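A.B. asks: Structure below; questions to follow.
Numbering (the working numbering), first residue to last: 24 to 561.
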């Protein structure tokens with residue numbers, strides 16, 4: 024549809040945007056504000072958390088008080104390095120995918136104009152810079168980004184997409200889905216078209232319970248206890264025991280000197296003690312399996328987190344395995360990446376692309392489509408083989424598409440090139456009327472030729488003609504039989520030319536038959552001439 028004349032902003036649903044709301048669209052309204060319930064700095068929750076305390080925090084979040092849980096979710100990413108690594112990897116994977124725009128109609132000029140408008144906005148990198156933060160919904164189940172709109176005559180588009188911490192928001196106590204903004208009065212509804220709210224559930228159910236961190240929090244706690252116990256083990260058994268010995272004659276002063284020596288020897292590796300005293304280092308004897316227990320437990324927890332976040336362990340944990348297993352792991356991660364991209368593009372399509380088109384051009388029947396990532400493509404080897412095989416069958420493809428897949432560009436005038444001249448296409452087949460096989464009747468000219476030399480031997484001439492016809496028919500018949508088979512099996516003229524060329528027909532048999540016939544005719548003519556001369560002389 025064409026762009027209608029209008030006044031003010033109208034969204035994709037045809038509803039006019041009030042002037043007060045338009046003013047809010049241009050400015051930040053959810054920035055950190057200590058007096059407004061959104062302090063820039065927060066008190067830590069994670070340190071000293073016990074299983075009982077963690078359970079209480081989760082129950083409070085489920086009851087509509089999620090502040091402590093959202094703070095703890097931030098801290099877990101900081102305190103659990105393995106989780107931070109795999110979560111960041113998954114976010115980066117989807118944040119770096121290619122973003123393309125498809126017009127709602129390939130032929131309508133208005134649709135092409137709208138698609139080009141979105142592409143021009145994408146070129147400003149506003150969305151590209153915000154993709155990683157928008158994907159933060161992976162860990163907490165949702166993310167909220169504030170959109171600062173730039174409103175100009177004939178152009179309304181996001182100037183900034185600013186990440187806002189999830190702790191700035193709360194879920195409605197009425198339905199558990201609607202998100203409120205924390206402010207000085209408690210909570211307030213979100214301004215329409217002002218926030219990009221991205222839901223990214225890893226499981227079905229309440230949004231507050233759908234993030235990956237909800238499952239990882241217990242792994243984090245188990246890992247924290249394991250690492251603490253491992254550190255205590257290393258401290259107790261990884262260093263030798265310092266044992267100072269003194270005799271019964273040692274005074275209290277001697278004992279104090281020895282005690283100071285034992286205490287300082289670990290750090291200073293030197294001490295002064297009386298000659299009558301000695302310090303002995305007793306090496307702890309412990310089984311290697313005792314230390315391995317903590318190592319194996321820490322690795323197992325990391326493996327579980329890798330599977331939870333990435334769907335596999337191959338990309339983060341180097342373990343020995345087969346090539347087939349590695350391919351299977353990669354396929355799983357590709358599936359996860361496509362699912363993440365699908366969720367992101369759905370949120371962006373509804374909350375960014377459609378409003379910016381409606382604000383600028385008015386409501387539309389259909390809008391440009393945003394796509395994140397590329398569809399599955401045929402491998403380069405398979406593509407090249409298919410083009411080579413089908414090209415000889417008459418298939419034609421765009422050279423530009425092949426160059427794009429190979430990430431190559433066509434040469435410009437004056438460029439040095441690599442590659443030879445393409446093979447010329449087969450010569451076109453020119454259809455000719457069917458040629459009948461030689462017969463006795465077709466040999467009439469030959470009979471006339473021989474008859475000029477001798478009219479006295481009509482029986483010999485007839486016999487010679489019949490013999491030549493039979494021999495030529497057999498030779499030519501073999502050639503035409505192969506041609507008939509090639510013609511019947513060909514799909515088009517190019518295929519027929521290729522089949523005929525492959526036959527490599529030889530005319531030797533037909534030439535030999537004709538040569539024998541001509542030789543016999545020459546001999547018959549000589550014999551008839553000799554008989555005629557003898558008769559004249561006699």
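Every residue, glycine too, gets a C-beta built ideally from N, C-alpha and C. A quick note: this is a predicted structure, and the numbers were derived from the prediction, not measured.
For my contact list, residue 124 and residue 158 are in at a C-beta cut-off of 8 angstroms; report their separation, rounded to the angstrom.
C.D. replies: Start at 1 with the first residue of the chain shown, and residue 124 comes out as number 101. Start at 1 with the first residue of the chain shown, and residue 158 comes out as number 135. Not a contact, Cβ separation roughly 20 angstroms.
A.B. asks: Buried or exposed: where does residue 207 fall if 16 or more other Cβ atoms within 10 Å of its Cβ makes it buried?
C.D. replies: Working through the chain shown from its first residue, we reach residue 207 at position 184. It counts as exposed.
A.B. asks: Quick one: what does DSSP say residue 193 is sitting in, helix, strand or coil?
C.D. replies: Taking the first residue of the chain shown as 1, we reach residue 193 at position 170. It is a strand residue.
A.B. asks: Could you round the C-beta distance between residue 205 and residue 396 to whole angstroms and report it? I think they count as a contact, below 8 angstroms.
C.D. replies: Counted from its first residue, the chain shown places residue 205 at position 182. Counted from its first residue, the chain shown places residue 396 at position 373. Residue 205 to residue 396, Cβ: 35 angstroms. No contact.
A.B. asks: May I ask you to verify whether the stretch 100–112 touches the stretch 169–181, counting CB pairs closer than 8 angstroms and requiring at least 3?
C.D. replies: Because the criterion of three Cβ pairs below 8 angstroms is not met, the stretch 100–112 and the stretch 169–181 do not touch.
A.B. asks: My parser needs the alpha helix (DSSP H) runs of 4 or more residues fully inside the stretch 405–438; what are they?
C.D. replies: Listed in chain order, the complete alpha helix (DSSP H) runs (minimum 4 residues) inside the stretch 405–438 are 422–428.
A.B. asks: Among 195, 217, 135 and 186, which has the Cα closest to the Cα of residue 378?
C.D. replies: The sequence position of residue 378 within the chain shown is 355, counting from 1. Comparing Cα positions, the closest option is 217.
A.B. asks: Could you tell me which uninterrupted beta strand (DSSP E) segments, each at least 3 residues in length, are contained entirely in the stretch 215–242, listed from first to last along the chain?
C.D. replies: Segments of the beta strand (DSSP E) lying fully in the stretch 215–242: 218–222.
A.B. asks: Tell whether a beta-carbon distance below 8 angstroms holds between residue 69 and residue 99.
C.D. replies: Counted from its first residue, the chain shown places residue 69 at position 46. Counted from its first residue, the chain shown places residue 99 at position 76. Contact flag set, yes.
A.B. asks: What residue ranges within the stretch 121–204 form continuous alpha helix (DSSP H) runs of no fewer than 4 residues, ordered along the chain?
C.D. replies: Listed in chain order, the complete alpha helix (DSSP H) runs (minimum 4 residues) inside the stretch 121–204 are 132–145, 149–157 and 160–163.
A.B. asks: So residue 395 is in the alpha helix (DSSP H); what residue range does that whole segment cover?
C.D. replies: In the chain shown, the residue the question calls residue 395 occupies position 372. Per DSSP, residue 395 belongs to no alpha helix (DSSP H); it is in the beta strand (DSSP E), 392–395.
A.B. asks: At the level of alpha carbons, what is the spacing between residue 330 and residue 239?
C.D. replies: Mapped onto the chain shown, residue 330 falls at position 307. Mapped onto the chain shown, residue 239 falls at position 216. Computed Cα separation, rounded: 11 angstroms.
A.B. asks: Thinking residue 197 and residue 89 are a contact (beta carbons under 8 angstroms), I'd like their distance in whole angstroms, please.
C.D. replies: Here residue 197 refers to the residue found at position 174 of the chain shown. Here residue 89 refers to the residue found at position 66 of the chain shown. Contact flag wrong, Cβ pair sits at about 15 angstroms.
A.B. asks: State the DSSP-derived secondary structure class of residue 210, mapped to helix, strand or coil.
C.D. replies: Indexing the chain shown from 1 puts residue 210 at position 187. Correct three-state label for residue 210: strand.
A.B. asks: Within the stretch 49–73, note down every full alpha helix (DSSP H) run reaching 4 residues or more, in order along the chain.
C.D. replies: For the stretch 49–73, not a single whole alpha helix (DSSP H) run of length 4 or above is found.
A.B. asks: Taking the alpha carbon of residue 155 as the reference point, which residue from 141, 127, 120 and 147 has its own alpha carbon closest?
C.D. replies: In the chain shown, counting from the first residue as 1, residue 155 sits at position 132. For residue 155, the nearest C-alpha among the options comes from 120.
A.B. asks: So that I know if they touch, is there some Cβ in chain B lying closer than 8 angstroms to that of residue 117?
C.D. replies: Absence of chain B from the displayed structure is noted, only one protein chain being present.
A.B. asks: Please determine, among 318, 525 and 358, the residue with the shortest C-alpha to C-alpha distance to residue 335.
C.D. replies: The count along the chain shown starts at 1 and reaches residue 335 at position 312. Answer by Cα proximity: 358.
A.B. asks: Rounded to whole angstroms, what is the Cα-Cα separation between residue 387 and residue 35?
C.D. replies: As a working mapping, residue 387 is identified with position 364 in the chain shown. As a working mapping, residue 35 is identified with position 12 in the chain shown. Cα to Cα, residue 387 sits roughly 7 angstroms from residue 35.
A.B. asks: Grab the span of the alpha helix (DSSP H) containing residue 117 for me, first residue to last.
C.D. replies: As a first step, residue 117 is located in the chain shown; it is residue number 94 there, counting from the start. Its alpha helix (DSSP H) spans residues 104–118.
A.B. asks: Note down, in chain order, each residue of its chain lying with its Cβ closer than 8 angstroms to the Cβ of residue 433, except the 5 sequence neighbours on either side.
C.D. replies: Position 410 of the chain shown, counted from the start, is the residue given in the question as residue 433. If we look at residue 433 and ignore the five residues flanking it on each side, its Cβ neighbours are 422, 423 and 426.
A.B. asks: According to DSSP, simplified to helix, strand and coil, what is residue 301?
C.D. replies: Here residue 301 refers to the residue found at position 278 of the chain shown. Strand at residue 301.
A.B. asks: How close, in whole Å, do the beta carbons of residue 214 and residue 47 come, if the pair is a contact with beta carbons under 8 angstroms?
C.D. replies: Residue numbering aside, residue 214 sits at position 191 when the chain shown is read from its first letter. Residue numbering aside, residue 47 sits at position 24 when the chain shown is read from its first letter. Sure, about 5 angstroms apart at Cβ, within 8 angstroms.
A.B. asks: If I'm right that residue 127 touches residue 390 with Cβ under 8 angstroms, what's the distance once you round it to whole angstroms?
C.D. replies: Numbered from 1 along the chain shown, position 104 holds the residue referred to as residue 127. Numbered from 1 along the chain shown, position 367 holds the residue referred to as residue 390. The pair is a contact, with the Cβ atoms about 6 angstroms apart (cut-off 8 angstroms).
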